[in-house]
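Chemist: Could you have a look at this structure, given as structure tokens, before my questions?
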Amino acid sequence: MPLITPEDIGTTPRSCLSPRRRLQAWERTNGKCVVCGERIDGARERWIIEHIRALELGGADEIANMGPAHEACGREKTRDDHTRTAQAKRQKLRHIGAAAPERPLPGSRTSPLKRKLNGTVVPREAALSGTTVRSAKRVPRFGRSLWKTAAEAEKPLAERIANPQEGAPAQLAAALTDERRPARNQSPIRFGMSNASKREDHQVLAGSLGALIPLEIASLLTPPSPLPDEEPDAYGRLLTAVGVSVEPRDTIEWLWVKDVVDLLWEAQRLRRLRTAMLRTARRRGLSDLLDAYREPAGDTFGYDRSELVHGWSSGEPEAVREVAALLAKHGLTDEAISAQALSSKLDDLDRIERMIANADGRRNGVLREIERRRSALGSRLRAASDQIIDGEAVEAANDQRGPARR
Numbered sequence: 001m002p003l004i005t006p007e008d009i010g011t012t013p014r015s016c017l018s019p020r021r022r023l024q025a026w027e028r029t030n031g032k033c034v035v036c037g038e039r040i041d042g043a044r045e046r047w048i049i050e051h052i053r054a055l056e057l058g059g060a061d062e063i064a065n066m067g068p069a070h071e072a073c074g075r076e077k078t079r080d081d082h083t084r085t086a087q088a089k090r091q092k093l094r095h096i097g098a099a100a101p102e103r104p105l106p107g108s109r110t111s112p113l114k115r116k117l118n119g120t121v122v123p124r125e126a127a128l129s130g131t132t133v134r135s136a137k138r139v140p141r142f143g144r145s146l147w148k149t150a151a152e153a154e155k156p157l158a159e160r161i162a163n164p165q166e167g168a169p170a171q172l173a174a175a176l177t178d179e180r181r182p183a184r185n186q187s188p189i190r191f192g193m194s195n196a197s198k199r200e201d202h203q204v205l206a207g208s209l210g211a212l213i214p215l216e217i218a219s220l221l222t223p224p225s226p227l228p229d230e231e232p233d234a235y236g237r238l239l240t241a242v243g244v245s246v247e248p249r250d251t252i253e254w255l256w257v258k259d260v261v262d263l264l265w266e267a268q269r270l271r272r273l274r275t276a277m278l279r280t281a282r283r284r285g286l287s288d289l290l291d292a293y294r295e296p297a298g299d300t301f302g303y304d305r306s307e308l309v310h311g312w313s314s315g316e317p318e319a320v321r322e323v324a325a326l327l328a329k330h331g332l333t334d335e336a337i338s339a340q341a342l343s344s345k346l347d348d349l350d351r352i353e354r355m356i357a358n359a360d361g362r363r364n365g366v367l368r369e370i371e372r373r374r375s376a377l378g379s380r381l382r383a384a385s386d387q388i389i390d391g392e393a394v395e396a397a398n399d400q401r402g403p404a405r406r
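The letter at position 50 of the sequence shown is residue 50 when you use full-length UniProt numbering, and the numbering goes up by one with no holes.
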């Protein structure tokens, strides 16, 4: 089937129209465009006579099937008609030779080999990816997902890792399961995970991620230095969960996953900082309330002011009761301390909220880039598969017409 060229995108082929026929087509719709329905200024706008139903789609070349249209609308309609016609032809060609022949011809659908449009003969299972089985051993580890079939991609990640040979040819499975030794001074990424402190599900996720991370980029996925109050294994678990969910396919997506995890880690750290800041400010808020109501700084219910605030913040039962009695004396509750602490830290909290929003926005931007990259790759793979299907259909049609001509 010939491809559509830009020269083919024009007005629909029709018989030569006389001025009288053009006037009849104009009067049928009273000068309204048959595509967009807007009124056409016949003196100032460029317009043509367009078939309402295209000739390629079964329309008749009669005055009842004609009408005026803006030139731009007509070109857009013709382009859509060409697309529908091409899709209909592809659908018809796919059904040619549906019965399986007893003796398959070389290059037919039932043959283990396939002839591409450029004449190259390749194994049929490697046709979509454009790589032969012989060159499978040269495929890097992060390119293994390109060899997955549609049914294999629907399986859970843990099942695909446990059975890498299932659904693949023998040579290809051997190439995919060929483990390479790490280079000198290079080891698989561990993230400081200890089996003693992990639950069983975390161990499964860690093993799955270790099987997917290419050794070439393991050094780029090192975790940041944890703060003294942070758990050393928390970053590794977060990277494991995100990596298993996204399933990066190449080095670029792995670096994007690293950026997403870093931004998530930064946002979590800022939220913990916000909570710690409010807890610290509550001590200052209690002192400010005692000063506002002129409570003595000396002996207060048997406590010194500083000792009372320290005991209350430490959770000592006696100090907590004394503070509750002081607040009830002035008609206040514990929420008054939180309100005083919040009012004293509004500027700092607002700055932290902006930093959290900035990290979340950058994270969403990286996720959109991953989605845009995968959608573009899917479009290219879909176009390549359509060309291969068209080539197979044409070959099947030629194979069936050959014996009939003889």
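Beta carbons: idealized from backbone N, C-alpha and C, even for Gly. None of these values were measured; they are calculated from a predicted model.
Here's the rule: buried if 16 or more other CB atoms are within 10 angstroms of the residue's CB, otherwise exposed. What is Thr240?
Modeler: For the purposes of this step, residue 240 is taken as the residue at position 240 of the sequence shown. Result: buried.
Chemist: Report the partner residues of Ile48 according to the DSSP bridge assignment.
Modeler: Locating residue 48 in the sequence shown gives position 48, where the first residue counts as 1. Ile48 is bridged to Ala69.
Chemist: By how many angstroms is the C-alpha of Ser344 removed from the C-alpha of Ala325?
Modeler: Translated into positions along the sequence shown, residue 325 becomes position 325. Translated into positions along the sequence shown, residue 344 becomes position 344. Going by the C-alpha atoms only, they are around 24 Å apart.
Chemist: Is the region 41–55 touching the region 64–76 in the sense that three or more CB pairs, one from each, lie closer than 8 Å?
Modeler: Touching, per the Cβ criterion.
Chemist: Three-state secondary structure (DSSP) at Val34?
Modeler: One-based indexing of the sequence shown puts residue 34 at position 34. Val34: coil per DSSP, three-state reduction.
Chemist: Which term fits Ala281, buried or exposed, when burial requires 16 or more other beta carbons within 10 angstroms of its beta carbon?
Modeler: Here the question's residue 281 lines up with position 281 in the sequence shown. When all chains shown are included, Ala281 counts as buried.
Chemist: Taking the alpha carbon of Arg237 as the reference point, which residue from Trp256, Leu264, Ile40 and Thr251 has its own alpha carbon closest?
Modeler: Along the sequence shown, read from residue 1 onward, the residue named residue 237 stands at position 237. Cα-wise, what sits closest to Arg237 is Leu264.
Chemist: Skipping 5 residues on each side, what residues in its chain have a beta carbon closer than 7 Å to that of Ala267?
Modeler: Here residue 267 is taken as the residue at index 267 of the sequence shown, counted from 1. Cβ neighbours of Ala267 beyond the five flanking positions: Ile356, Ala359 and Asp360.
Chemist: For the alpha helix (DSSP H) that contains Arg284, what are its first and last residues?
Modeler: On the sequence shown, position 284 is the one that residue 284 refers to. Element bounds for Arg284: Thr251 to Ala292.
Chemist: Which residues does DSSP pair with Lys114 in a beta bridge?
Modeler: Walking along the sequence shown from the start, residue 114 turns up at place 114. Per DSSP, Val122.
Chemist: Please report how far the alpha carbon of Leu367 lies from the alpha carbon of Val257, in whole angstroms.
Modeler: As a first step, residue 367 must be located in the sequence shown, where it is residue number 367. As a first step, residue 257 must be located in the sequence shown, where it is residue number 257. So the alpha carbons of these two residues sit roughly 8 Å apart.
Chemist: Can you list, in chain order, the residues of its chain with a C-beta nearer than 6 Å to that of Arg20? Leave out the 5 residues immediately preceding and following it.
Modeler: Stepping through the sequence shown from its first residue, residue 20 is reached at position 20. No residues qualify anywhere along the chain.
Chemist: Nearest to Leu220 by CA position, among Thr83, Val261 and Asp61, is which residue?
Modeler: Start at 1 with the first residue of the sequence shown, and residue 220 comes out as number 220. When only C-alpha atoms are compared, the closest one is Val261.
Chemist: Could you pull out every residue in the same chain whose Cβ sits closer than 7 Å to the Cβ of Arg320, ignoring the five residues on either side in sequence?
Modeler: Position 320 of the sequence shown, counted from the first residue, corresponds to residue 320. In the sequence on display, residue 320 carries Val and not Arg. The answer, listed in chain order, is Trp312.
Chemist: Once the 5 residues before and after Val323 are set aside, which same chain residues still bring their CB inside 6 Å of it?
Modeler: Taking the sequence shown and counting its residues from 1, the one referred to as residue 323 is at position 323. If we look at Val323 and ignore the five residues flanking it on each side, its Cβ neighbours are Trp312.
Chemist: To the nearest angstrom, how far is the alpha carbon of Thr333 from that of Val242?
Modeler: Taking the sequence shown and counting its residues from 1, the one referred to as residue 333 is at position 333. Taking the sequence shown and counting its residues from 1, the one referred to as residue 242 is at position 242. Distance between the alpha carbons of Thr333 and Val242: 43 Å.
Chemist: I believe Met277 touches Asp347 by the beta-carbon criterion, under 8 Å. Please report the beta-carbon distance rounded to the nearest angstrom.
Modeler: Indexing the sequence shown from 1 puts residue 277 at position 277. Indexing the sequence shown from 1 puts residue 347 at position 347. Actually they do not touch by this definition, with Cβ atoms about 11 Å apart.
Chemist: For His330, tell me which candidate among Leu290, Val121 and Gln24 has the shortest Cα-Cα distance.
Modeler: Position 330 of the sequence shown, counted from the start, is the residue given in the question as residue 330. It is Leu290.
Chemist: Starting from the C-beta of Asn65, find all residues in its chain whose C-beta is less than 7 Å away, skip the five residues before and the five after it, and write them out in chain order.
Modeler: By one-based count along the sequence shown, residue 65 stands at place 65. His51, Ile52, Arg53 and Gly59, listed in sequence order.
Chemist: What does the alpha-carbon distance come out to for the pair Ser314 and Asp259?
Modeler: Taking the sequence shown and counting its residues from 1, the one referred to as residue 314 is at position 314. Taking the sequence shown and counting its residues from 1, the one referred to as residue 259 is at position 259. The straight-line gap from Cα to Cα measures roughly 39 Å.
Chemist: Which of the three DSSP states is assigned to Arg53 in this structure?
Modeler: Against the sequence shown, residue 53 aligns to sequence position 53. Of the three classes helix, strand and coil, the one that applies to Arg53 here is coil, per DSSP.
Chemist: Using the Cα positions of Arg372 and Arg272, report the straight-line distance between them to the nearest angstrom.
Modeler: Translated into positions along the sequence shown, residue 372 becomes position 372. Translated into positions along the sequence shown, residue 272 becomes position 272. Cα-Cα distance, rounded: 33 Å.
Chemist: What is the rounded straight-line gap between the Cα of Pro226 and the Cα of Ser306?
Modeler: Locating residue 226 in the sequence shown gives position 226, where the first residue counts as 1. Locating residue 306 in the sequence shown gives position 306, where the first residue counts as 1. When rounded, the distance between both Cα atoms is 33 Å.
Chemist: Alpha helix (DSSP H) containing Asp334: first to last residue?
Modeler: As a working note, residue 334 is residue 334 in the sequence shown. Counting along the chain, the alpha helix (DSSP H) containing Asp334 begins and ends at Asp334 to Ser344.
Chemist: Going by the beta-carbon positions, is the gap between Arg84 and Leu55 smaller than 8 Å?
Modeler: Translated into positions along the sequence shown, residue 84 becomes position 84. Translated into positions along the sequence shown, residue 55 becomes position 55. It is not a contact, given that the beta carbons lie outside the stated cut-off.
Chemist: What do you get for Arg249, buried or exposed, if any count of 16 or more other CB atoms within 10 angstroms of its CB means buried?
Modeler: Against the sequence shown, residue 249 aligns to sequence position 249. With 16 or more Cβ atoms within 10 Å of its Cβ, Arg249 is classed as buried.
Chemist: What's the C-alpha gap between Ile217 and Lys92?
Modeler: Along the sequence shown, one-based indexing puts residue 217 at 217. Along the sequence shown, one-based indexing puts residue 92 at 92. If I take the Cα positions, the gap works out to 47 Å.
Chemist: Please report the residue range of the alpha helix (DSSP H) in which Leu17 lies.
Modeler: For the purposes of this step, residue 17 is identified with residue 17 of the sequence shown, where counting begins at 1. Per DSSP, Leu17 belongs to no alpha helix (DSSP H) and is neither H nor E.
Chemist: What residues are listed by DSSP as bridge partners for Arg39?
Modeler: Translated into positions along the sequence shown, residue 39 becomes position 39. According to DSSP, Arg39 bridges with Lys32.
Chemist: Please work out which residues of its chain come closer than 8 Å, Cβ to Cβ, to Asp288, disregarding the five sequence neighbours upstream and downstream, and give them in chain order.
Modeler: Along the sequence shown, one-based indexing puts residue 288 at 288. The answer, listed in chain order, is Gln340 and Ser344.
Chemist: Would you kindly check if the distance between the Cβ of Pro68 and the Cβ of Gly37 is under 8 Å?
Modeler: As a position in the sequence shown, residue 37 is number 37, starting the count at 1. As a position in the sequence shown, residue 68 is number 68, starting the count at 1. Contact: no.
Chemist: Pop quiz: Val244 and Arg283 are said to be a contact at Cβ under 8 Å. What is the actual Cβ separation, rounded to whole angstroms?
Modeler: The residue given as residue 244 occupies position 244 in the sequence shown. The residue given as residue 283 occupies position 283 in the sequence shown. Val244 to Arg283, Cβ: 42 Å. No contact.
Chemist: To the nearest angstrom, report how far apart Ser338 and Leu270 are at their CA atoms.
Modeler: Taking the first residue of the sequence shown as position 1, residue 338 is located at position 338. Taking the first residue of the sequence shown as position 1, residue 270 is located at position 270. Cα to Cα, Ser338 sits roughly 20 Å from Leu270.
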